[in-house]
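Numbers in the numbering used here are just positions in the sequence shown, counted from 1, shifted up by 6. Idealized CB from N, CA, C, for every residue including glycine. Working notes, beginning with the structure itself.
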Amino acid sequence: MELNLDGIKDASLWKGYRLPEYDIVKMCNATKENPVWLHFGAGNIFRAFICAAAQKLLNEGAADTGIICAESSFGTEIITECYRPHDNLCVSVTLNPDGSIDKEVVGSVAESLTVAYDMDRISDIVCAPSLQLVSFTITEKGYAIKDSSGNLTDTVKKDMENGPDSCSHLMSLLAALCIRRFHACGRPLALVSMDNCSHNGEKLETAITTIASAWKNNGFITSEELDYLKTSVSYPWSMIDKITPRPDSHVEESLAADGIKDIKAFVTPGGVYTAPFVNAEKPEYLVIEDAFPNGRPALEKAGILFTDRDTVNKVEKMKVCTCLNPLHTCLAVYGCILGYTSISSEMDSPELKSFITRMAYDEGMPVVADPKIINPSCFLDEVLTQRLPNPFMPDTPQRIATDTSQKLPIRFGETIKLQLERGTAGDLKYIPLVLAGWLRYLLAVDDNGNAFTPSSDPLLAECREALAGITLGSHVTEERLHSLLSNSNIFGVNLEAAGLSGRITGYFNELIAGKGAVLATLRKYTS
7 MELNLDGIKD ASLWKGYRLP EYDIVKMCNA TKENPVWLHF GAGNIFRAFI
57 CAAAQKLLNE GAADTGIICA ESSFGTEIIT ECYRPHDNLC VSVTLNPDGS
107 IDKEVVGSVA ESLTVAYDMD RISDIVCAPS LQLVSFTITE KGYAIKDSSG
157 NLTDTVKKDM ENGPDSCSHL MSLLAALCIR RFHACGRPLA LVSMDNCSHN
207 GEKLETAITT IASAWKNNGF ITSEELDYLK TSVSYPWSMI DKITPRPDSH
257 VEESLAADGI KDIKAFVTPG GVYTAPFVNA EKPEYLVIED AFPNGRPALE
307 KAGILFTDRD TVNKVEKMKV CTCLNPLHTC LAVYGCILGY TSISSEMDSP
357 ELKSFITRMA YDEGMPVVAD PKIINPSCFL DEVLTQRLPN PFMPDTPQRI
407 ATDTSQKLPI RFGETIKLQL ERGTAGDLKY IPLVLAGWLR YLLAVDDNGN
457 AFTPSSDPLL AECREALAGI TLGSHVTEER LHSLLSNSNI FGVNLEAAGL
507 SGRITGYFNE LIAGKGAVLA TLRKYTS
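Encoded structure:
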């Protein structure tokens with residue numbers, strides 16, 4: 007079995023696989039003649055989610071063109087070694103909670119390009135009047151034009167100084183391409199970030215218009231060209247949610263056992279794990295602001311939700327502040343302390359399962375931002391019963407514990423603020439126990455008294471210094487924890503002013519009472 011156009015002609019060889027139900031060659035020709043959709047970022051979530059959605063439309067006859075993908079951020083090898091040798095086909099593997107897997111050959115990518123070598127072709131595509139959207143899965147870093155100190159990066163500075171005809175940052179290239187489109191056809195366009203970051207459309211818009219404004223000030227472009235980028239180009243916000251880990255060795259072995267040749271995963275020189283297949287969980291959500299001035303594919307027929315910006319924002323808050331991310335952080339912190347190495351195995355712990363369930367339902371749901379378009383209770387139930395317990399999804403508390411200090415304000419601080427507005431913050435029990443658990447985690451000693459290495463975090467050294475001298479068996483006062491608990495930059499709110507420092511300190515003392523104290527404390531408050 008060869009994963010290419012010739013190889014899939016004999017469907018009898020692909021028993022157990024769903025194959026494309028359309029003429030791929032015809033689709034590719036139609037796409038090249040009248041491109042509709044260009045996508046930057048050829049990674050795993052693009053193939054597991056976005057390409058699969060496009061294939062649904064093609065299978066149903068709701069579209070006759072596919073996606074043209076371009077890689078810019080993670081090296082050309084994804085295209086040259088993964089896409090093109092397989093005629094842009096990919097095997098998409100869904101990892102179901104019961105251990106079964108669904109396998110589909112996805113063929114909706116009509117053309118694969120690289121920014122490094124195919125810019126002339128990319129420019130032609132962007133200038134085509136038929137183009138409706140350019141989408142992105144380039145990670146949050148892909149939109150960054152400033153460093154951690156808030157200063158423009160050297161690359162972006164040079165782009166601003168050199169103008170649109172000589173630039174290298176992807177955001178600069180996109181601004182320049184849109185200006186070419188303005189002159190070529192003048193048609194509007196939607197630039198759609200599909201990355202998993204809050205207010206993603208705003209990040210994209212800010213990057214492009216900031217660069218273009220500098221070009222205007224430096225005399226490279228006119229007011230009309232800048233106005234086009236601000237008024238004729240839209241930057242819809244979106245919320246995407248689908249866990250798509252790196253290619254799994256067990257999946258690779260299964261596909262090879264089926265007889266597929268040359269399916270081996272590899273790591274690019276840039277450190278990206280990729281393969282001719284992708285593996286992902288079944289649940290998936292993509293909610294997009296419906297702002298497409300030149301039209302769009304009928305992606306609602308593939309389960310993608312279209313709405314207004316305010317609703318997208320509410321969906322994001324629902325996920326990040328209540329129904330998924332806070333649960334992840336709780337499991338990450340306590341999982342590391344209790345010696346777990348997988349999220350799914352933590353869900354076998356009655357204490358941890360009860361903990362996150364009560365926290366979500368008792369403290370998060372009463373103040374959840376209900377987006378209406380997705381039912382928060384149904385979303386949360388799926389997280390608790392299907393997604394987190396899935397033993398076939400390789401995810402670890404150690405990975406999720408990375409950068410916890412940067413996540414606390416949005417994952418817990420926002421809920422505390424809403425509870426303060428209601429006058430019910432003093433009733434919180436489980437969120438304070440998570441925060442006390444994080445302080446316990448910072449001691450870098452597990453529940454058996456053995457040292458462990460905390461995950462990387464920009465505030466790790468600073469926060470550990472604030473707890474210096476505290477060991478198992480210590481007893482601390484609120485004043486001893488003042489520098490941390492009063493720091494609203496860390497928690498999103500002054501926990502002392504919120505009236506929660508006493509409870510957190512009490513929990514912390516129970517957690518550091520000695521060996522086994524963490525599990526004993528969890529049993530006390532979750533049984």
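- Distance from the CA of residue 206 to the CA of residue 323, rounded to the nearest whole angstrom, comes to 13 Å.
- Residue 501 is a Cβ neighbour of residue 510, given a cutoff of 8 Å.
- For residue 317 and residue 247, the gap between their C-alpha atoms comes out near 15 Å.
- Secondary structure of residue 152 (DSSP, three-state): strand.
- The stretch 125–132 and the stretch 20–34 do not touch, with fewer than three beta-carbon pairs separated by less than 8 Å.
- Under the 8 Å Cβ criterion, the stretch 232–250 counts as touching the stretch 49–62, having at least three qualifying pairs.
- Collapsing the DSSP output to three states places residue 37 in a helix.
- Judged by DSSP secondary structure, residue 97 falls within the beta strand (DSSP E) whose first and last residues are 96–101.
- Checking the DSSP bridge columns, you'll see residue 45 partnered with 75 and 141.
- The DSSP-derived three-state label of residue 125 is helix.
- Listed in chain order, the non-local C-beta contacts of residue 71 below 6 Å within the same chain comprise 36, 37 and 42, local neighbours out to five positions each way being set aside.
- Distances from the CA of residue 96 to each of 116, 150 and 81 were compared; the closest alpha carbon is that of 116.
- With respect to the C-alpha of residue 273, the residue from 208, 144 and 80 having the closest C-alpha is 80.
- Residue 320 is classed as buried because its beta carbon has at least 16 other beta carbons within 10 Å across all chains shown.
- Annotated three-state conformation of residue 367 is helix, per DSSP.
- The beta carbons of residue 491 and residue 507 sit closer together than 8 Å.
- Taking the C-beta atoms as reference points, residue 341 is found nearer than 8 Å to residue 352.
- Excluding its 5 nearest sequence neighbours in each direction, residue 194 has C-beta neighbours in its own chain below 6 Å: 238, 299 and 300, listed in chain order.
- Sequence-distant partners of residue 24 (beyond 5 residues in either direction) whose C-beta falls short of 8 Å from its own C-beta, in its chain, are 108, 109, 110 and 111.
- At the C-beta level, residue 413 and residue 335 come within 8 Å of one another.
- Approximately 43 Å separates the beta-carbon atoms of residue 262 and residue 214; this is outside 8 Å, ruling out the contact.
- Per DSSP, reduced to three states, the secondary structure at residue 245 is strand.
- Three or more Cβ pairs drawn from the stretch 378–395 and the stretch 362–370 lie within less than 8 Å of each other, which places the two stretches in contact.
- Between residue 268 and residue 282, the CB-CB gap stays under 8 Å.
- Here residue 396 is actually not in contact with residue 210; their C-beta atoms are around 32 Å apart, not less than 8 Å.
- Within the same chain, 292, 305, 308, 309 and 310 come within 8 Å of residue 59 by CB-CB distance, once the 5 residues on both sides are set aside.
- Between the alpha carbons of residue 157 and residue 179 lies a distance of about 20 Å.
- Around the beta carbon of residue 384, fewer than 16 other beta carbons lie within 10 angstroms, which makes this residue exposed.
- Comparing C-alpha distances from residue 368 to each of 380, 386, 377 and 183 shows the shortest one belongs to 386.
- Residue 419 is positioned such that its CB atom lies closer than 8 Å to that of residue 497.
- DSSP lists 99 as the beta-bridge partner residues of residue 285.
- The C-beta distance from residue 123 to residue 82 rounds to 7 Å, short enough to fall under 8 Å.
- For residue 532, same chain residues with a beta-carbon under 6 Å away, outside a window of 5 residues either side, are 357, 360 and 361 in chain order.
- Ranking 513, 288 and 407 by CA distance to the CA of residue 347 puts 407 first.
- Given a length threshold of 4 residues, each whole run of the alpha helix (DSSP H) inside the stretch 273–342 is given here in chain order: 315–323.
- The straight-line gap separating the alpha-carbon atoms of residue 303 and residue 196 is approximately 12 Å.
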